[in-house]
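Quick note on numbering: the sequence shown equals residues -19 to 760 in the numbering used here.
Take a look at the structure below.
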Amino acid sequence: MSIVDTAKQAAQGLMQGAMEKLVPLAPDSWIPGGVPDPLIARKHGLIGTPVSRLDGALKVKGAAPFAAEFRFDGMVFAALRYATIARGRISAIDGGAAEAAPGVVLVMTHLNAPPMKTPAVFGSGPNAVGPADLPIFQDDRIHWNGQPIACVLAQTQEQADHAAALLRFSYAEEPSTTTLAGAKANGTEQGMFFGQPLRNDIGEAEAALAAAPVKVDRTYRTPRHNHNPIEPHAATIAWAGDELLIHDASQMVTQQAQTIGDVFGVAEGKTRLTSPYVGGGFGCKGLWDHQIIGAAAAKLAGRPVRIALSREGVYRTVGGRSLTEQRVAIGAQRDGTFDALIHTGLSVMTPHNNMPEPFILGTRCTYAARHIALKVEVARMNMLANTFMRAPGEAVGTFALEVAIDELAAELAIDPIELRIRNEPEQDPVNGLPFSSRHIVTAWRQGAERFGWAGRDATPGVRREGEWLIGTGCATGTYPYYRMPGGEARITLARDGATVRATVEVAAAEMGMGTSTTTAIVAAERLGLPIAQIEVGYGDSAIPGAIMAGGSQQTAAIGAAVIAAHNALVAELLTLAGNDSPLAGLSPDEVASDDGGLAKRDDPARRESYGSILARAQRDSVTVTKAGSMPLELMHWSMHSHSALFCEVRVNAVTGELRVSRLLGSFDCGRILNPKTATSQFRGGIIMGLGMALMEETQFDERNGRIMNPSLAEYHIPVHMDVPEIDVIWTDIPDPHTPMGAHGIGEIGITGVAAAVANAVWHATGKRVRDLPITLDKLL
Ligand code: MOS
């Protein structure tokens, strides 16, 4: 089981165990001696102040090297060809023209690729992050329309692209399933998420629904979505003897190094993967076929390789979000309290991967209901493996749930915010655990005040300015707090003249969201040093431990590791300080870092600077490495980030044109560590939610399983003109049970947005759109 599994399974497992109350509440293990961390209880120093991204200037100047900007001597460039059938075999390849084309160094297909093991698929083993359980270039089989089937290496990218276009393939097609109806006819199965069934049954939900005096029962649909980070996937790869070096764009650096190394049988520790800068990830900057193909081609050619996917290449080979069909049925009393909450439906997967869209996850924790039934089923289709995409599950699940809530509010003639507050649960509705920190009602009240919700006329379709119909809507978002085990931090304190500098290294990833800056803030805070004296190392598999930028858990995982390493550092410094120090005789629990040194907690006058300790010990530096504690907080609490979203839309009554004119996100995500990067995170998520609401849709050709709009010209995402001013506020109430008091903020931003927009569209027009995206044809 991978480290990811362990934590996610722990979290998911908890959600299953509604009946078993787990264990008595215990102090969280990362708090030494069970004493709450003083930094959590109050704002302190840098935490909570807006710090600009430390890598911002480098990026603006073009001085931050991305994966496709590294160079090796003798490097050649790779181009891929993609299969054009959904299932079958390659029966013949004509490579003559390609091989003879100018600049060509190698044409690699399954006929000449080196032997490689099948990458271990995500969730199948320690650090396994393979995209699907499929061999790569090892046989003639085609598993999806778009599968890479040839790689050409040439002296320039243009030569490689040209030669790849000259290859001719013949296929022996085999029956495939490329229609949703066909997939359903083949039968569905219980969806599993990290080894746990996506299913919960509490009480008799169908019977309670039937008996409820007021009810809604609707089907909602969300389409396939593709990933479109600004940086297409790329890797620059070199072999040095039996060692493999990869400059990649990765949000799971250590895990990818290990999975790729295993594919090639590289000895442990001999695969080095770096990823200092990533132009957006959102779940897709992991291991796909291209890194393995690139490494294989480099091996075969004996030359370093740069493999940079075109935008089309990203669509063909990098999975996204699969479609969903969701039923939400709610039965309520006249006072609005829920008797029954049913959220069931279907998602699709390939025969070779294990990532259904887990759209019921958010429904598990959002509302109290006397009877609950949740279930995700999956059907199989021959297509590209789908994967994580920003708030997998919650992003589309909250669309269905939160539109249904709005529909019920209209039935009941209760304000939709009031309806939500009336169904606010006292404890986790599914597993019965207490919430660690849930201030969603505060978020609603603050948001309503800021947005100007009071006095809203709930009648749909009555506000008009000229041709424009105007409406407002709202929705709740949630995303779970996770913290994966396996994180380590290495802290080095070094004397630099009269100054002491700290280097804090974590095997974590920075996708552009501000992780390196936030890590510097947290480290500066813990060490009692100015941020200018902190250097953060990350994005390199040579750093011990393994932390991934996924599940909105990285900041907590880094924080726990930094806290553990800092505690170890304090102990080490006290040993070095010895008997001549003013700190002599104190135990680590009695001292804290403060203003460039250690001080006794209750007598700060008793202190010694780091420089003085190191100098007297005749040391230039001291280094400690320590793992963060196990995420036991997940065993004791139901932990989530929350949001209340508000939206105003204007819909043209003549043309159906839809403009989102105002958006407000009111968040409850524990302590916000860096308001500047957090605001960008929230806004970015909301903009992605806006795209999901209005335009994003992968057009999948059901005749042959091919994606028809593999470019940003035809797959629409919001541009500046589509995005209004987005207002962001937060409760900033720290969670006493997490490192730094923080919850994750990477994925909460997108959740609920599509529902808020759809609800505003209904309020403006009286038209209830239940299938995304809300294009203008649905409004005419
Ligand atoms: Mo996220 S979808 O865990 O990058």
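Idealized CB from N, CA, C, for every residue including glycine.
Using the beta-carbon count (16 or more within 10 Å), is residue i buried or exposed?
{"i": "N762", "result": "The structure shown does not extend to residue 762, since the chain is modelled only from -19 through 760, so no value can be given for it."}
{"i": "V87", "result": "buried"}
{"i": "G110", "result": "buried"}
{"i": "H743", "result": "buried"}
{"i": "M701", "result": "exposed"}
{"i": "I287", "result": "buried"}
{"i": "E694", "result": "exposed"}
{"i": "R463", "result": "buried"}
{"i": "N559", "result": "exposed"}
{"i": "S621", "result": "buried"}
{"i": "N107", "result": "buried"}
{"i": "P166", "result": "Checking the sequence shown, residue 166 turns out to be Asn, not Pro. That one is exposed."}
{"i": "E676", "result": "buried"}
Confirm the yes/no value for this check: CB of residue i, any heavy atom of the ligand MOS, distance under 7 Å.
{"i": "A229", "result": "no"}
{"i": "A529", "result": "yes"}
{"i": "G261", "result": "yes"}
{"i": "M369", "result": "yes"}
{"i": "P716", "result": "no"}
{"i": "P372", "result": "yes"}
{"i": "E490", "result": "no"}
{"i": "E153", "result": "no"}
{"i": "E793", "result": "Here the chain has residues from -19 to 760 only, and residue 793 is not among them."}
{"i": "E727", "result": "yes"}
Given this structure, state the Cα-to-Cα distance separating residue i from residue j, to the nearest angstrom.
{"i": "G(-7)", "j": "H351", "result": "Here G(-7) scores only 38 on pLDDT, less than 50, and its place in the model is too uncertain to base an answer on."}
{"i": "E552", "j": "V604", "result": "8 Å"}
{"i": "Q661", "j": "G494", "result": "9 Å"}
{"i": "G412", "j": "I182", "result": "11 Å"}
{"i": "L289", "j": "H270", "result": "8 Å"}
{"i": "A537", "j": "G105", "result": "20 Å"}
{"i": "G531", "j": "A500", "result": "21 Å"}
{"i": "S646", "j": "K656", "result": "15 Å"}
{"i": "K1", "j": "Q534", "result": "For K1, the predicted model reports a pLDDT of 33, less than 50, meaning its position is unreliable and no value from the coordinates is stated."}
{"i": "T304", "j": "H205", "result": "11 Å"}
{"i": "A390", "j": "A349", "result": "19 Å"}
{"i": "R301", "j": "W124", "result": "16 Å"}
{"i": "I226", "j": "Q137", "result": "19 Å"}
{"i": "D575", "j": "I593", "result": "14 Å"}
{"i": "S327", "j": "R121", "result": "25 Å"}
{"i": "G68", "j": "G726", "result": "40 Å"}
{"i": "P690", "j": "Q313", "result": "47 Å"}
{"i": "E398", "j": "V502", "result": "38 Å"}
{"i": "M335", "j": "A100", "result": "14 Å"}
{"i": "I20", "j": "R596", "result": "Caution applies to I20, whose pLDDT of 47 falls short of 50 and renders its modelled position unreliable; the model cannot decide the point."}
{"i": "T346", "j": "T731", "result": "12 Å"}
{"i": "G377", "j": "P338", "result": "8 Å"}
{"i": "A(-2)", "j": "V410", "result": "Confidence at A(-2) is low in this model, with a pLDDT of 28, below 50, so the placement of that residue is unreliable and no value is reported for it."}
{"i": "T818", "j": "L381", "result": "Residue 818 is absent from the structure shown; the chain starts at -19 and stops at 760."}
{"i": "A722", "j": "I527", "result": "17 Å"}
{"i": "L760", "j": "E628", "result": "19 Å"}
For residue i, tell me which candidate among the options has the shortest Cα-Cα distance.
{"i": "G577", "options": "V40, R506, T605 and L189", "result": "R506"}
{"i": "P256", "options": "Q170, I523 and M172", "result": "I523"}
{"i": "P331", "options": "A359, E398, A428 and M369", "result": "A359"}
{"i": "T711", "options": "A658, P460 and A163", "result": "A658"}
{"i": "T678", "options": "A633, I697 and L670", "result": "I697"}
{"i": "A624", "options": "I401, V480 and Y462", "result": "I401"}
{"i": "N547", "options": "G608, D600, T346 and A595", "result": "G608"}
{"i": "T239", "options": "L267, G342, P94 and L473", "result": "L267"}
{"i": "G126", "options": "T422, E248 and D681", "result": "D681"}
{"i": "A144", "options": "T89, E184, Q170 and G175", "result": "T89"}
{"i": "L692", "options": "V85, A161 and Y295", "result": "Y295"}
{"i": "P465", "options": "P82, E613, A353 and G453", "result": "E613"}
{"i": "H419", "options": "D386, A540, S618 and P568", "result": "S618"}
Open item on the list: Three or more C-beta pairs under 8 Å: does that hold for the region 113 to 131 against the region 36 to 48?
Closed with: Segments in contact, no.
Task: Touch test, the region 142 to 149 against the region 320 to 332, Cβ-Cβ under 8 Å, three pairs minimum - done: no
- [ ] Could you say if the region 511 to 529 and the region 226 to 239 meet the contact criterion of at least three C-beta pairs nearer than 8 Å?
- [x] Counting C-beta pairs closer than 8 Å gives three or more between the region 511 to 529 and the region 226 to 239, which meets the contact rule.
- [ ] Please confirm if the region 270 to 284 is in contact with the region 62 to 80, defined as three or more CB-CB distances below 8 Å between the two stretches.
- [x] Result no; under three Cβ-Cβ pairs closer than 8 Å.
Task: Inter-stretch contact at 8 Å, needing at least 3 Cβ pairs: the region 629 to 648 / the region 442 to 455 - done: yes
Task: Segment contact, 8 Å Cβ cut-off, at least three pairs: the region 716 to 723 with the region 359 to 369 - done: no
Open item on the list: Is it the case that the region 480 to 498 contacts the region 24 to 35, given that we only count it when at least three CB pairs across the two stretches are under 8 Å?
Closed with: The region 24 to 35 makes contact with the region 480 to 498; the number of CB pairs closer than 8 Å reaches 3 or more.
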